[in-house]
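Novice: Have a look at the structure that comes next, please.
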Amino acid sequence: MVNVTGLRLKNPTILAAGIMGTTGASLIRVAQQGAGAVVTKSIGPEPKDGHNNPSMVKLDFGYLNAMGLPNPSYEDFLPELKKAKQKSGVPVIASIFGSNEDEFRKVAQGLMSGKPDAFELNVSCPHAMGYGTSLGTDSKMVKAVTSAVCEVVNVPVWVKLTPNVTDIVAIGKAAEAGGADALVAINTVRGMAIDIHSGYPVLGNRFGGLSGDAIRPIAIKCVYDLYANMDIPIIGVGGISTWQHAVEMIMAGASAVQIGSGVYEGLNVFFNVSEGINNFLKEHGYKKTEEITGIAHERF
Amino acid sequence: MIPINSKITKIVAETPSTRTFFFDYSFEYAGIGQFVMVWIRGVDEIPMALSYKNAITVQKVGDATSRLFEIEEGGFVGLRGPFGKGFTIPKKRENILLIAGGVGAAPLASLAEKAFSEYSYVTIILGARNVDELLFMNRFLQCGHVYITTDDGSAHRCGFVTDVLEELDVSVYDRIYICGPEMMMKKVFDILEKEQALDRAEFSLHRYFKCGIGICGACCMDETGLRVCKDGPVFNGKDLMDTEFGKYARDASGRKKWFL
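Here the protein sequences come in this chain order: D and G. Letter 176 of the first sequence, counting from 1, is numbered 180 in the numbering used here, and no numbers are missing. Letter 131 of the second sequence, counting from 1, is numbered 132 in the numbering used here, and no numbers are missing.
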């Protein structure tokens with residue numbers, strides 16, 4: 005059992021935002037496959053189709069995507085959230101986005117009746133104009149958006165950070181000042197691929213965000229730096245697909261981990277990772293995950 | 002994988018609304034019923050079932066397919082795949098029934114040829130709007146007994162594939178394969194459910210895909226959460242019971258669009 009901002013998780017693996025989270029049924033399926041909690045697709049104020057395809061390609065070392073925040077709007081998503089809450093049996097965290105404080109507030113309020121266990125603020129999507137990173141690189145905006153949501157909801161608020169900044173700690177501090185209960189690090193790293201036969205950028209949006217193995221060291225360093233400087237818990241995400249990756253992230257300072265494109269390996273990734281963490285803890289004489297959170301900071 | 006740069010070596014006008022595009026790249030190890038993502042550069046990338054190891058057969062329905070129809074022999078597209086789960090190949094001497102509607106004949110023609118070459122007994126019900134739109138009739142005729150229906154009666158029987166199906170003794174078939182418009186497949190599904198034959202049936206579904214590789218969840222079905230791009234596109238009939246199949250699909254934003 006892991007406690008993250010008051011949410012009780014049966015294991016420290018969480019489905020990351022944007023992955024199999026558009027429908028209640030899909031969130032329920034992921035929960036049944038062993039995730040300790042699930043985060044929904046990022047939901048906004050209006051229906052959005054997202055970018056044209058190709059919207060995701062697998063590379064040798066990771067995945068490049070530019071979905072473009074497709075979502076049915078908070079009004080149409082509400083029944084899906086309610087369904088996930090009723091049947092998943094695990095905490096359900098609603099990921100939300102907007103272009104300013106008012107939109108964030110509106111979406112959060114609109115989803116409250118679905119009783120999400122927490123909100124995760126997406127101020128980090130790297131490829132949707134006017135959303136995500138456009139806000140998430142600006143400390144003032146991050147603080148304003150966080151406090152706007154904190155004022156209107158009575159559940160924990162997590163803020164998901166972008167690594168595409170000079171100093172992630174400064175943004176983390178802004179979120180904390182705005183009232184964030186936890187930080188989620190990291191979203192994808194800005195990236196691009198070009199088809200050399202035609203000269204066309206591969207993604208429909210031309211550029212996008214990199215996930216998977218390639219970004220794990222970046223995520224580890226961000227989580228390490230945040231842990232050293234923050235008082236609120238950190239949820240680590242970026243390139244995790246095995247229990248070894250997860251243990252490494254926890255040692256850097258994560259209280260729990262999220263798995264995103266790692267589901268490509270199969271939905272049993274949640275079961276495998278959480279079982280692996282358990283075995284590791286047992287073998288090394290630890291009783292709970294908390295005992296190894298941030299352990300790397302004590303080793304010189 | 003970055004899309005494979007593939008040259009269109011030959012274009013065959015199959016019917017007034019469908020064309021087959023042959024490529025210089027062949028998906029030798031693709032299962033029948035698997036799909037490839039076809040990238041029409043500068044426009045979009047769309048999922049297409051393979052109609053041969055090295056070809057897709059396309060109906061002009063939207064922006065991407067319209068642009069594809071403008072590309073000539075010698076032109077290029079990007080291909081990724083094969084993806085998803087295809088049809089179960091019948092065993093020797095099994096008695097199989099294929100039900101194809103419109104461009105749904107594309108993956109089933111390959112299956113008919115494979116089954117025939119493996120000494121299965123093949124029966125086909127091929128349906129189309131009219132005589133000109135009957136797709137791959139000659140490929141099917143070489144593999145087994147073919148029943149033909151047209152909506153307007155311009156060839157053979159006037160009516161739908163389900164009219165023939167209702168007259169057949171379904172119990173004699175070891176396996177039944179269906180590909181066509183969703184409402185046609187739903188009517189077939191209902192008949193097979195009544196005949197208690199769903200566990201012997203495989204349906205090839207169509208949904209809006211984004212990633213195509215089982216990560217994003219845009220094509221997840223209610224209430225099972227099964228991903229059409231990864232757990233499908235071919236599903237056993239039992240896996241479609243009490244699902245959204247035949248009721249609604251979701252658009253690019255995730256909103257429900259009800260079938261009429």
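Don't be surprised by glycine CBs; every beta carbon is placed ideally from N, CA and C.
#1: Quick check on DSSP: helix, strand or coil for A178(D)?
#2: Please list, in chain order, all residues of the same chain as P2(D) whose beta carbon is under 7 Å from its beta carbon, the five residues on each side excluded.
#3: To which residues of the same chain is P205(D) closer than 8 Å at the C-beta, ignoring the five residues directly before and after it?
#4: Going along the chain, which residues of its own chain have a beta-carbon closer than 7 Å to the beta-carbon of G266(D), five neighbours each way excluded?
#5: Does the CB of A132(D) have a neighbour CB from chain G at under 8 Å?
#6: Mapping the DSSP letters down to three states, classify F36(G) as helix, strand or coil.
#7: Quick check on the burial criterion: 16 or more other C-beta atoms within 10 angstroms. Buried or exposed for M184(G)?
#8: Taking the alpha carbon of V156(D) as the point to measure from, which residue in E279(D), G298(D) and S117(D) has its own alpha carbon closest?
#9: Between the region 38–55 of chain G and chain D, which residues of the former have CB atoms less than 8 Å from a CB of the latter, in chain order?
#10: Rounded to a whole number of angstroms, what is the C-alpha to C-alpha distance between V241(D) and G264(D)?
#11: With 16 as the cutoff for other CB atoms within 10 Å, does Q35(G) come out buried or exposed?
#12: On the three-pair Cβ rule with 8 Å, is the region 191–199 of chain G touching the region 112–124 of chain G?
#13: When you compare the CB positions of I47(D) and N75(D), do they come within less than 8 Å of one another, or not?
#14: If contacts are defined as beta-carbon pairs under 8 Å, then L11(D) and P95(D) qualify, I think. What distance do you get, rounded to the angstrom?
#15: For a cutoff of 8 Å on Cβ pairs, would you count M185(G) as touching chain D?
#16: Of all the options S278(D), D53(D), E287(D) and T293(D), which has the alpha carbon lying nearest to the alpha carbon of G40(D)?
#17: Reducing DSSP to helix, strand and coil, say where L19(D) ends up.
#18: When burial is assigned at 16 or more other CB atoms within 10 Å of the CB, is Y178(G) buried or exposed?
#19: Closest to N69(D) by C-alpha separation, out of E180(D), N191(D) and S30(D), would be which residue?
#20: Among M38(G), K188(G) and G238(G), which has the Cα closest to the Cα of L80(G)?
#21: Sort out for me which residues DSSP pairs P234(G) with in a bridge.
#22: Mind listing the chain D neighbours of N6(G)? Cutoff is C-beta to C-beta under 9 Å, in chain order.
#23: Can you list, in chain order, the residues of its chain with a C-beta nearer than 6 Å to that of V1(G)? Leave out the 5 residues immediately preceding and following it.
#24: Got a sec: which bits of the region 7–37 of chain G sit with their beta carbon under 9 Å from any beta carbon on chain D, in order along the chain?
#25: Do L165(D) and L187(D) have their CB atoms nearer than 8 Å?
#26: Is the CB-CB distance between K239(G) and L199(G) below 8 Å?
#27: Confirm, please, whether the CB-CB distance from N139(G) to D152(G) is below 8 Å.
#28: Pick out whichever of M242(G), I47(G) and Y174(G) has its Cα sitting closest to the Cα of D223(G).
#29: Does any C-beta atom of chain D lie closer than 8 Å to the C-beta of S67(G)?
#30: Quick one: is C154(D) buried, meaning 16 or more other Cβ sit within 10 Å of its Cβ, or exposed?
#31: C1(G) CB to nearest chain D CB: under 8 Å?
#32: Using alpha carbons as the reference points, say which of V147(G), K54(G) and E46(G) lies closest to A65(G).
#33: Check the Cβ of A29(D) against every Cβ in chain G and list those closer than 8 Å, keeping chain order.
#34: Checking contacts by CB at 8 Å: is K52(D) closer than that to chain G?
#35: Is the beta carbon of R176(G) less than 8 Å from the beta carbon of I97(G)?
#36: Entirely within the region 226–261 of chain D and at least 3 residues each: give me those beta strand (DSSP E) ranges in chain order.
Specialist: Straight from the coordinates:
#1: helix
#2: Residue 2(D) is absent from the structure shown; chain D starts at 5 and stops at 304.
#3: M196, A197, I198, D199 and F211
#4: I244, S245 and V273
#5: By this cut-off, A132(D) is not an interface position.
#6: strand
#7: exposed
#8: S117(D)
#9: M38, W40, R42, G43, V44, D45, E46 and I47
#10: 8 Å
#11: buried
#12: no
#13: Taking 8 Å as the Cβ cut-off, I47(D) and N75(D) qualify as a contacting pair.
#14: 5 Å
#15: Put simply, the CB of M185(G) is far from chain D, with every gap to its CB atoms at 8 Å or more.
#16: S278(D)
#17: Strand, per DSSP.
#18: Its Cβ being crowded by 16 or more others within 10 Å, Y178(G) is buried.
#19: Taking only the C-alpha atoms, the option nearest N69(D) is N191(D).
#20: M38(G)
#21: K86(G)
#22: D199, I200, H201 and S202
#23: There is no way to answer for residue 1(G), as the model of chain G reaches only from 2 to 261.
#24: none
#25: The Cβ atoms of L165(D) and L187(D) lie closer than 8 Å to each other.
#26: A Cβ-Cβ contact shorter than 8 Å links K239(G) with L199(G).
#27: No.
#28: M242(G)
#29: Using a CB distance cut-off of 8 Å, S67(G) does not count as an interface residue toward chain D.
#30: buried
#31: Nothing about residue 1(G) can be read from this structure; chain G reaches only from 2 to 261.
#32: E46(G)
#33: By Cβ distance, chain G contributes C221, M222, D223, E224, T225 and G226.
#34: It does: the Cβ of K52(D) has a partner Cβ on chain G nearer than 8 Å.
#35: A contact, by the Cβ cut-off of 8 Å.
#36: 238–241
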